[in-house]
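> Chains as they are written, first to last, in this note's numbering: chain A, 1 to 278; chain B, 1 to 278. The beta carbon of each residue, even a glycine, is placed where N, CA and C say it ideally should be. Here it is, the structure in full.
Protein chains: 2
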Amino acid sequence: MTNQQLERTVFIVSDGTGITADTFSHSVLSQFETVKFNSTRIPFINTLEKADQAIARIEQCVNENKGLQPIVFSTLVDPAIKARVSSAPCVFLDLFGAFVAPVEQALGVKSSHSIGRSHMGATSEQYLRRINAINFSLAHDDGQFVHGLEQADVILVGVSRCGKTPTSLYLAMQYAIKAANFPLIPEDFDRGQLPATLQPYRKKLFGLTIQPERLSEVRNERRPGSQYASLEQCRDEVAAAERMMRREGISWLSTTTKSIEEISTTIMEEVGLSARSY
Amino acid sequence: MTNQQLERTVFIVSDGTGITADTFSHSVLSQFETVKFNSTRIPFINTLEKADQAIARIEQCVNENKGLQPIVFSTLVDPAIKARVSSAPCVFLDLFGAFVAPVEQALGVKSSHSIGRSHMGATSEQYLRRINAINFSLAHDDGQFVHGLEQADVILVGVSRCGKTPTSLYLAMQYAIKAANFPLIPEDFDRGQLPATLQPYRKKLFGLTIQPERLSEVRNERRPGSQYASLEQCRDEVAAAERMMRREGISWLSTTTKSIEEISTTIMEEVGLSARSY
Numbered sequence: 001m002t003n004q005q006l007e008r009t010v011f012i013v014s015d016g017t018g019i020t021a022d023t024f025s026h027s028v029l030s031q032f033e034t035v036k037f038n039s040t041r042i043p044f045i046n047t048l049e050k051a052d053q054a055i056a057r058i059e060q061c062v063n064e065n066k067g068l069q070p071i072v073f074s075t076l077v078d079p080a081i082k083a084r085v086s087s088a089p090c091v092f093l094d095l096f097g098a099f100v101a102p103v104e105q106a107l108g109v110k111s112s113h114s115i116g117r118s119h120m121g122a123t124s125e126q127y128l129r130r131i132n133a134i135n136f137s138l139a140h141d142d143g144q145f146v147h148g149l150e151q152a153d154v155i156l157v158g159v160s161r162c163g164k165t166p167t168s169l170y171l172a173m174q175y176a177i178k179a180a181n182f183p184l185i186p187e188d189f190d191r192g193q194l195p196a197t198l199q200p201y202r203k204k205l206f207g208l209t210i211q212p213e214r215l216s217e218v219r220n221e222r223r224p225g226s227q228y229a230s231l232e233q234c235r236d237e238v239a240a241a242e243r244m245m246r247r248e249g250i251s252w253l254s255t256t257t258k259s260i261e262e263i264s265t266t267i268m269e270e271v272g273l274s275a276r277s278y
Numbered sequence: 001m002t003n004q005q006l007e008r009t010v011f012i013v014s015d016g017t018g019i020t021a022d023t024f025s026h027s028v029l030s031q032f033e034t035v036k037f038n039s040t041r042i043p044f045i046n047t048l049e050k051a052d053q054a055i056a057r058i059e060q061c062v063n064e065n066k067g068l069q070p071i072v073f074s075t076l077v078d079p080a081i082k083a084r085v086s087s088a089p090c091v092f093l094d095l096f097g098a099f100v101a102p103v104e105q106a107l108g109v110k111s112s113h114s115i116g117r118s119h120m121g122a123t124s125e126q127y128l129r130r131i132n133a134i135n136f137s138l139a140h141d142d143g144q145f146v147h148g149l150e151q152a153d154v155i156l157v158g159v160s161r162c163g164k165t166p167t168s169l170y171l172a173m174q175y176a177i178k179a180a181n182f183p184l185i186p187e188d189f190d191r192g193q194l195p196a197t198l199q200p201y202r203k204k205l206f207g208l209t210i211q212p213e214r215l216s217e218v219r220n221e222r223r224p225g226s227q228y229a230s231l232e233q234c235r236d237e238v239a240a241a242e243r244m245m246r247r248e249g250i251s252w253l254s255t256t257t258k259s260i261e262e263i264s265t266t267i268m269e270e271v272g273l274s275a276r277s278y
């Protein structure tokens, strides 16, 4: 293997944003741990003129890399634009092409080959649901706004800094799920009861917990050296929160080693929520 | 074409969250406008036992649909688990398999065939950058927190409710871009100057604008019948904001018909920002 092969330029060429193809290509390329990929999106290629601009970037890359061709992941749909770009000096991978044909066969229906179908319009009902969910989750972050909690699809509870906010926003943004979140604080543990505000919504509650050591790290970034961030305080709060959730019969998961995608997926499975955004 | 073919069950089977495959499958299936797809993710299939549970769900679906096989989009990586699930009665589409081989050939390198590589660990540097960016964007939403603006990758400006907040959060969540946002308000237009806070950061500013008619609709949902939501007020503010951005040489785009994905992609292109999350 030559050194040249350890780095490779990758272009994501799409008639839309290319975000789907970008994410997908990262998944495929993550299977090649020994190669460093330099990945660039070339979005909104929806005319032959823009196709030629994309080709110019591909040709420039070939020149700069002594003839080594880049890998191109394409979600171009229009046959003429796709044919044009695929004529460039590159390893051309047609993401949709590979699957549209077998799906056509399975369904006995021809695809529409229309551009931009994969992106929902900004005025569609589904899109407005997402925007409303984001606004809802923001307004109901950290228990700051109690009015309207009855509209929540799920209410995340847990100690401060255990991951409630990013998870709520992700559920809203990706799936149009109205996710509120509410902190469990030392006063609640002293009283030995869930916050009164939450009691009408017991069935919507889902708990997040976290290892005290990790919580202490996270809190120390925010308020270095504080009592709030001390390992002792974190241990006490986490133990008390878990006791309360156990007693109240609230399902929970630990966020310590999980990404927001993994946390959100698990919550949707456990609570039986499906995407409201499709 | 029989009625049976107008609806079809789709399963997304993954050893991880299946979010990438889910998004990708929606793009492919959106090319079939006449078919209604009922799509379900089956995530975290990382053992043969869980593979058998997935197969049971597929078989149940076949029974409930008079023998019609569902379409399965798979991003399973482990060969034994993949072989097990692909033996189920379904149209099995192997998303990674279709592209790993051509990439291997292009690189002259074998893939690692390892599970879960496509999801970054929750403790990786890239992941922490995303979480920090989300926290930054939340703290710097709507100009509420001025301290630390020098760390922003981009500062979105525009009239109230033109789309700044969802866009800032999307840029942070998807790309670990620290996106602040700052409202342009009637007082700024009366004074005829950018808010003083923003003046040191002129190069980081990017504007969002919106059609007054659409803005009035959006504001009316929030404060029905208010002066703030009136078409006249919206027209005045939008015109004044566009005048100010033109005079100050701030690039801008209209959000009226664009999704947050499209807005974010365009901003990244115009400002020259690339993902910080890979």
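1. Just checking: is the beta-carbon of E237(A) within a distance shorter than 8 Å of some beta-carbon in chain B?
2. Tell me the DSSP secondary structure of A106(B) in three-state form.
3. Check distances from the C-beta atoms of the segment 161–178 of chain B to those of chain A and list, in chain order, the residues that come in under 8 Å.
4. For the segment 3–22 of chain A against the segment 76–91 of chain B, are there 3 or more C-beta pairs whose distance is under 8 Å?
5. Under DSSP, the beta strand (DSSP E) around R8(A) begins and ends at which residues?
6. If Q126(B) sits next to S111(A), beta carbons under 8 Å apart, how far is it from one beta carbon to the other, in whole angstroms?
7. Please classify P79(B): does DSSP put it in a helix, a strand, or coil?
8. Name the residue from I185(B), Y201(B) and R130(B) whose alpha carbon lies nearest to the alpha carbon of I177(B).
9. Please name the residue, chosen from T47(B), A106(B) and L68(B), that lies closest to V85(B) on a Cα-to-Cα basis.
10. Who are the Cβ neighbours of I55(B) in its own chain at under 8 Å, not counting the five residues just before and after it?
11. According to the neighbour-count rule (16 or more other Cβ atoms, all chains shown, within 10 Å of its Cβ), is T255(A) buried or exposed?
12. With DSSP as the reference, please indicate the residues paired to I71(A) in a beta bridge.
13. Excluding sequence positions up to five away, which residues of its chain have a Cβ less than 6 Å from the Cβ of S74(B)?
14. State buried or exposed for E270(A), treating a residue as buried only when at least 16 other CB atoms are found within 10 Å of its CB.
15. Is L76(A) close to chain B, meaning its C-beta is less than 8 Å from at least one C-beta of that chain?
16. Straight-line CA distance for T20(A) to G97(A)?
17. What is the DSSP secondary structure of P195(B), reduced to helix, strand or coil?
18. I need the DSSP call for S226(A), collapsed to helix, strand or coil.
19. Given a limit of 9 Å on CB to CB distance, which residues of the segment 75–108 of chain A reach chain B?
20. Look up A240(A) in the DSSP assignment and say whether it is helix, strand or coil.
21. Could you give the residue range of the alpha helix (DSSP H) that holds A21(B)?
22. Strictly under 8 Å for the Cβ-Cβ distance: is V35(A) near chain B by that measure?
23. Please report the distance separating the alpha-carbon of K204(B) from that of F182(B).
24. Alpha carbon to alpha carbon, what distance is there between L29(A) and D22(A)?
25. Taking contact to mean at least 3 C-beta pairs separated by less than 8 Å, is the segment 140–155 of chain A in contact with the segment 57–71 of chain B?
This is what the structure gives:
1. no
2. helix
3. T165, P166, L169, Y170, M173 and Q174
4. no
5. E7 to V13
6. That belief does not hold up - the Cβ atoms of Q126(B) and S111(A) are roughly 35 Å apart, past 8 Å.
7. helix
8. R130(B)
9. T47(B)
10. R84, V85, S87 and A88
11. buried
12. V10(A) and V91(A)
13. V13 and D94
14. exposed
15. no
16. 15 Å
17. coil
18. coil
19. T75, V77, V91, L93, L95, F96, A98, F99, V100, P102, V103, E104, Q105, A106, L107 and G108
20. helix
21. I19 to L29
22. yes
23. 12 Å
24. 10 Å
25. no
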